[in-house]
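This report refers to the structure that appears directly beneath it.
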Amino acid sequence: MMGIVAIALAAACAHGALPQDLFGRTPPPLEITPPEIRNRGNPRVAEAPALVSIAPDGVLGVVRPVDVPPGRDRSVGWARDDSRRLEPGKRGTMVLDDGQRLVGELLLSGDRAAWQPNWLEQRAIDPSTTRCIVLQGEDPPAADLEDVVHLRNGDRASGIVQSVDGTGIAVETESGGTRSTATIPWDAVRAVAFVAPPKPRAGVRAWLDDGSVVDGASLEWNGPADAVLVGQRSQDGGKVRLEREWIVAAELVPGAVRPLTSFIGESTVPEVEADVRYAVAAPKPERGTWAFDAAPLVMEGPVRVACASPGAPARLLATVRRADRAALAGSLTFVVRSGGTEVVRHRMAKGDASFELRAELVDAPFELVMLADDGSIAGDCVELRRAVVVTAGRQP
Numbered sequence: 001m002m003g004i005v006a007i008a009l010a011a012a013c014a015h016g017a018l019p020q021d022l023f024g025r026t027p028p029p030l031e032i033t034p035p036e037i038r039n040r041g042n043p044r045v046a047e048a049p050a051l052v053s054i055a056p057d058g059v060l061g062v063v064r065p066v067d068v069p070p071g072r073d074r075s076v077g078w079a080r081d082d083s084r085r086l087e088p089g090k091r092g093t094m095v096l097d098d099g100q101r102l103v104g105e106l107l108l109s110g111d112r113a114a115w116q117p118n119w120l121e122q123r124a125i126d127p128s129t130t131r132c133i134v135l136q137g138e139d140p141p142a143a144d145l146e147d148v149v150h151l152r153n154g155d156r157a158s159g160i161v162q163s164v165d166g167t168g169i170a171v172e173t174e175s176g177g178t179r180s181t182a183t184i185p186w187d188a189v190r191a192v193a194f195v196a197p198p199k200p201r202a203g204v205r206a207w208l209d210d211g212s213v214v215d216g217a218s219l220e221w222n223g224p225a226d227a228v229l230v231g232q233r234s235q236d237g238g239k240v241r242l243e244r245e246w247i248v249a250a251e252l253v254p255g256a257v258r259p260l261t262s263f264i265g266e267s268t269v270p271e272v273e274a275d276v277r278y279a280v281a282a283p284k285p286e287r288g289t290w291a292f293d294a295a296p297l298v299m300e301g302p303v304r305v306a307c308a309s310p311g312a313p314a315r316l317l318a319t320v321r322r323a324d325r326a327a328l329a330g331s332l333t334f335v336v337r338s339g340g341t342e343v344v345r346h347r348m349a350k351g352d353a354s355f356e357l358r359a360e361l362v363d364a365p366f367e368l369v370m371l372a373d374d375g376s377i378a379g380d381c382v383e384l385r386r387a388v389v390v391t392a393g394r395q396p
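Using my numbering, the letters of the sequence shown map in sequence onto residues 1 to 396.
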């Protein structure tokens, strides 16, 4: 059984720089191709789903099933009107340094290892541009100073990945001042996290119903039922056809629709509620992959949640919902303050299950506050669904 072993980063230079391709070849350009490996199922018998579009000013609109979703001249993004987790099923996932999630499978052939995504061409495994590969279970923690191989038996091995091939993952480790390289077979691996600094993205991003998150240069509609995702590189000319029901959400302008979870800071007990609650629970996002990366966020009050500035005038959108039992237990008041000014105050009386939150934000820190309206913490628990901050088109 292999335990946790530390290794100096300088060991990465001992064997020279990694080649362009772990198999000694110059990799071909990545092209988006029709997903032949995906089971398309039976011919469409149901109407295409309705969508909710987000205008540059953050105003929402409805796109009927018979209508073509608006382009980036009139919309920064759109999504299905639901909030379900996107599950990859029993397939694995390769997560890239720019946040793309390529649901697919590991292909082994002799001394070669490659990744076959559902929607893209087969690609070599390049640790310098890969955040992690998940073969089983949830994503591993991000690798910081060393690559980490997570084993199916619960152990992990940390060090410098020297190679990835058909036999397994070769990891150089250090123990007692002695360096050694061990190859971990693929059948023992649950996941591997590589040290790959985050990379900004460009173009459009689509969240698909199989859990894939795929980028492209553009998303073009053939009509209300079918779209074409065009590859990032113009010289590739790669395209893939997407049926409307496969697309859960799309962001047409990078950074225009950001999840509220990316702004969350310190949580404290509101001063006016100091005698009601003596401890505070930080908001908890659900795990998994969600449209716009906006995981549902659970807040237990009374609580004050500090949030970072959106960087420009913006609009906060969310559905604030309580479970039936919580709604019947008591009342609460939900407040949003932006730049020190109160911009939303909404009372959820006993029995109120939800309300649609719309808050205008200035270029300054903002905060979310839940108060015990009736002097009791009973019922003071909400879930913020599809909570996003829209900034595109709102700059002064």
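Cβ atoms here follow ideal geometry from the backbone N, Cα and C, with glycine treated the same way.
Of all the options the options, which has the alpha carbon lying nearest to the alpha carbon of residue i?
i, options, result
"Ala113", "Leu357, Ala294, Trp186", "Trp186"
"Arg170", "Gly255, Val189, Arg152", "Position check: residue 170 holds Ala in this sequence, whereas Arg was assumed. Nearest of Gly255, Val189, Arg152 to Ala170, Cα basis: Val189."
"Leu357", "Arg337, Pro365, Asp374, Gly99", "Arg337"
"Val195", "Gly223, Thr167, Val149", "Val149"
"Gly339", "Val59, Leu332, Val362", "Val362"
"Val204", "Gly238, Arg72, Cys132", "Arg72"
"Ala50", "Val62, Gly99, Gly58, Gln122", "Val62"
"Thr183", "Pro200, Val164, Arg80", "Val164"
"Ser83", "Thr319, Arg325, Cys307, Ser354", "Thr319"
"Val280", "Asp144, Ser109, Glu300, Arg287", "Glu300"
"Leu108", "Asp98, Trp246, Ala124, Arg101", "Ala124"
Taking DSSP as the reference, what is the three-state secondary structure of residue i?
i, result
"Ala392", "coil"
"Arg321", "strand"
"Arg347", "strand"
"Ile37", "Its pLDDT being 36, under 50, Ile37 is placed unreliably in this model, and the coordinates cannot settle the point."
"Trp290", "coil"
"Glu251", "strand"
"Thr167", "coil"
"Ser338", "strand"
"Ala188", "helix"
"Met75", "The question names Met, but residue 75 is Ser in the sequence shown. Looking at Ser75 - three-state DSSP - the assignment turns out to be coil, as it is neither helix nor strand."
"Val66", "coil"
"Ser83", "coil"
"Arg315", "strand"
"Arg244", "helix"
"Ala12", "The predicted model places Ala12 with a pLDDT of 32, which falls under 50 and marks its position as unreliable, so this point remains unresolved."
"Ser267", "strand"
"Glu272", "Note on identity: in this sequence residue 272 is Val, with Glu being the wrong assignment. Looking at Val272 - three-state DSSP - the assignment turns out to be helix."
"Ser376", "coil"
"Ser175", "strand"
"Ser309", "coil"
Going by the DSSP bridge assignment, what does residue i pair with across the sheet?
i, result
"Asp215", "Arg205"
"Asp147", "Gly159"
"Leu328", "DSSP output for Leu328 lists no bridge partner at all."
"Pro285", "Leu297"
"Val52", "Val62, Ala79"
"Leu361", "Ala314"
Am I right that residue i and residue j are in contact with their C-beta atoms under 8 Å? What's the rounded C-beta distance?
i, j, result
"Glu383", "Leu297", "7 Å"
"Asp126", "Cys132", "Actually they do not touch by this definition, with Cβ atoms about 13 Å apart."
"Glu172", "Gln162", "5 Å"
"Trp78", "Val59", "Between Val59 and Trp78 the Cβ distance is about 12 Å, and since that is not below 8 Å, they are no contact."
Which runs of the beta strand (DSSP E) at least 3 residues long sit entirely within the region 86-143? Give them in chain order. If we require 3 residues or more, the beta strand (DSSP E) runs fully inside the region 86-143 come out as 92-96, 101-109, 112-117, 130-134.
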